[in-house]
Structure formats: C-alpha cells, structure tokens
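Undergrad: I am attaching a structure below and will ask some questions about it afterwards.
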Amino acid sequence: MIMIVDKSILKQRLEDFKAAAKKAGIKITHQRLEIFRLIANSVNHPGADEIFRKIRRRMPTISLDTVYRTLWMLSDLGLLKSVGQSKETIRFDANLHQHHHFTCIRCGLIRDFTNPELDAMSVPPEAKQYGSTLSFQVEIKGVCEDCLKKQPKTKTAKQTKSK
Ligand SMILES: [Zn+2]
Ligand SMILES: [Zn+2]
C-alpha cells in the first residue's frame, strides 16, 4: 500500500504556508519549512517524535523542543490540525479539508477518507449540549491491511520500530 501526497496538493499546502507566515509576520526559516513540508507531504499523520527523528537526519542540530514549538506555531497559524487527545500521542494533519479517519488499533496508522453521506450529517443535539461545536469528524477504528497480514504472529502492537 503506497500512498503519497499528490504533487499539486503539496504545492498548494506550501503556498498556503508561505502566505500564512507572511500574513502573521513569521519568518520562514529552513527548519520551519522542512518541518511543515514533512507533514504536508505525508499521508500518515505523523507525531512529534516521528517528525523529530526524520528531520534530525537532515538537520542533526535540531532539538525536540524546536520541533514542538514549530508544530504548535503551525497549528496556531491554522496550517495543521492535531489528531488525538493526549500530548504524548498527538499527531499532525495537514489536510484541512473535511475528511474522516481510518485508524488502525494495532500500529496506529491513520488514513484520510471522504464520504459525502458522512459530510451531510449534522452534529446531533446530544453533542451540542456540551458546548459549541467546531467540526464533525468520524473515526473508524480497525486493523489495517499490513497488520492483518501479520495476524498469525502473536506479537503485540507496540513493537519498537527502529527504521
Ligand atoms: Zn496497522
Ligand atoms: Zn486526516
């Protein structure tokens, strides 16, 4: 399953980034651009640790703290959405269009999908009773194709990937 971001989408996201940074008076440093590009070019909703590991290969002097600060800055600019609840497991999404998620409970894979019927649904009053609502996103949980193939082995989900 090879999934890559379409070149024209990546180009659009980078243009949006440059426009938003300019508007907010934020300098587009090499680090900031590379961090954003990494997420904008990924379909995998990477987390801060993954971003840090990948960016460090190209910029050995970058710190995790810088990565975090850049991620929150990009979120504040409205260029990224965060996925997930707790700070440790939070992931980042550069797809700002209405979409839904398939999440693998074994490996943590998150993939986007769109569906007009889900988009047409309105927020139920049972949810509105808790306050004002901002968006409506469905999360389908399941086991991804790769994990299904690995099924016979009784290894648990939290294997440590070093590559
Ligand atoms: Zn999986
Ligand atoms: Zn997404």
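Just so we're aligned, residue 2 is where the sequence shown starts under the numbering used here, counting upward by one. Cβ coordinates follow ideal geometry from the N, Cα and C atoms, glycine included. Given the structure is predicted, the values throughout are model-derived calculations rather than measurements.
Should the stretch 105-119 be called in touch with the stretch 139-153, which here means at least 3 C-beta pairs below 8 Å?
TA: These segments touch.
Undergrad: What's the C-alpha gap between residue 163 and residue 128?
TA: With a pLDDT of only 47 at residue 163, under the threshold of 50, the placement of this residue in the model should not be trusted, and no figure is reported.
Undergrad: For residue 134 and residue 124, what's the separation of their Cα atoms in angstroms?
TA: Near 8 Å, if we compare the C-alpha coordinates of residue 124 and residue 134.
Undergrad: Measure from the alpha carbon of residue 110 to the alpha carbon of each residue in 81, 51, 132 and 116, then state which is nearest.
TA: Among 81, 51, 132 and 116, the Cα nearest to that of residue 110 belongs to 51.
Undergrad: Starting from residue 193 and walking both ways along the beta strand (DSSP E), at which residues does that stretch end?
TA: Residue 193 is absent from the model: the chain starts at 2 and stops at 164.
Undergrad: For residue 94, verify whether its CB is less than 6 Å away from any heavy atom of ligand 2.
TA: Answer for residue 94: yes, Cβ within range of ligand 2.
Undergrad: When you measure from the CB of residue 107 to every non-hydrogen atom of ligand 1, does any distance come out below 6 Å?
TA: Residue 107: yes, Cβ under 6 Å from ligand 1.
Undergrad: Can you tell me whether DSSP reads residue 10 as helix, strand or coil?
TA: Looking at residue 10 - three-state DSSP - the assignment turns out to be helix.
Undergrad: Residue 31 by DSSP, collapsed to three states: which one?
TA: If DSSP states are grouped into helix, strand and coil, residue 31 belongs with the helices.
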